[in-house]
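Here the structure is laid out as C-alpha coordinates; the discussion comes afterwards.
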Amino acid sequence: MENHDVRSNNAIRQAAFNTRRSFKLKIVKNSSAEVQDASQATTQGQKAKQR
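The UniProt record's numbering applies: residue 1 is where the sequence shown begins, and numbers increase by one.
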(Lines of atoms letter the chains of each structure in order from A and count residues from 1; the text may use other names and numbers.)
(Lines give C-alpha, C1' and ligand atoms only; values in the text may rest on other atoms or scores of the structure.)
Protein backbone atom coordinates (compact mmCIF):
# COMPACT_ATOMS: atom_id res chain seq x y z
CA MET A 1 0.00 0.00 0.00
CA GLU A 2 2.82 2.42 0.84
CA ASN A 3 4.52 1.75 -2.49
CA HIS A 4 1.38 2.79 -4.30
CA ASP A 5 1.26 6.08 -2.38
CA VAL A 6 4.89 6.83 -3.21
CA ARG A 7 4.33 6.01 -6.87
CA SER A 8 1.28 8.25 -7.17
CA ASN A 9 3.10 11.04 -5.34
CA ASN A 10 5.99 10.74 -7.80
CA ALA A 11 3.55 10.83 -10.71
CA ILE A 12 1.94 13.97 -9.34
CA ARG A 13 5.32 15.58 -8.78
CA GLN A 14 6.44 14.67 -12.30
CA ALA A 15 3.23 16.05 -13.81
CA ALA A 16 3.65 19.31 -11.90
CA PHE A 17 7.26 19.56 -13.06
CA ASN A 18 6.28 18.95 -16.70
CA THR A 19 3.55 21.56 -16.50
CA ARG A 20 5.92 24.11 -15.02
CA ARG A 21 8.55 23.35 -17.67
CA SER A 22 6.15 23.73 -20.59
CA PHE A 23 4.87 26.96 -19.05
CA LYS A 24 8.43 28.32 -18.92
CA LEU A 25 8.96 27.35 -22.56
CA LYS A 26 5.80 29.21 -23.53
CA ILE A 27 7.03 32.32 -21.71
CA VAL A 28 10.37 32.14 -23.53
CA LYS A 29 8.64 31.74 -26.90
CA ASN A 30 6.30 34.64 -26.19
CA SER A 31 9.07 36.98 -25.07
CA SER A 32 11.21 36.22 -28.12
CA ALA A 33 8.19 36.89 -30.35
CA GLU A 34 7.67 40.22 -28.57
CA VAL A 35 11.32 41.12 -29.11
CA GLN A 36 10.98 40.34 -32.83
CA ASP A 37 7.85 42.49 -33.05
CA ALA A 38 9.63 45.36 -31.32
CA SER A 39 12.68 45.14 -33.58
CA GLN A 40 10.44 45.06 -36.65
CA ALA A 41 8.65 48.16 -35.39
CA THR A 42 11.94 50.04 -34.91
CA THR A 43 13.15 48.94 -38.36
CA GLN A 44 9.94 50.22 -39.92
CA GLY A 45 10.30 53.49 -38.01
CA GLN A 46 13.86 53.97 -39.28
CA LYS A 47 12.78 53.23 -42.86
CA ALA A 48 10.01 55.81 -42.55
CA LYS A 49 12.56 58.41 -41.39
CA GLN A 50 14.80 57.71 -44.39
CA ARG A 51 12.02 58.27 -46.90
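C-beta atoms are modelled at their ideal positions from N, C-alpha and C, and glycine is treated no differently.
In chain order, what residues of the same chain lie with their CB nearer than 8 Å to the CB of Asn30, ignoring the 5 residues before and after it? Counted from its first residue, the sequence shown places residue 30 at position 30. Contacts found: none.
Secondary structure at Arg51, three-state DSSP: helix, strand or coil? Position 51 of the sequence shown, counted from the first residue, corresponds to residue 51. Look at Arg51 here: in three-state DSSP terms it is coil, with no helix or strand label.
Pull up the distance between the alpha-carbon of Asp5 and that of Ala11, whole angstroms please. By 1-based counting over the sequence shown, the position of residue 5 is 5. By 1-based counting over the sequence shown, the position of residue 11 is 11. Roughly 10 Å between the two C-alpha positions.
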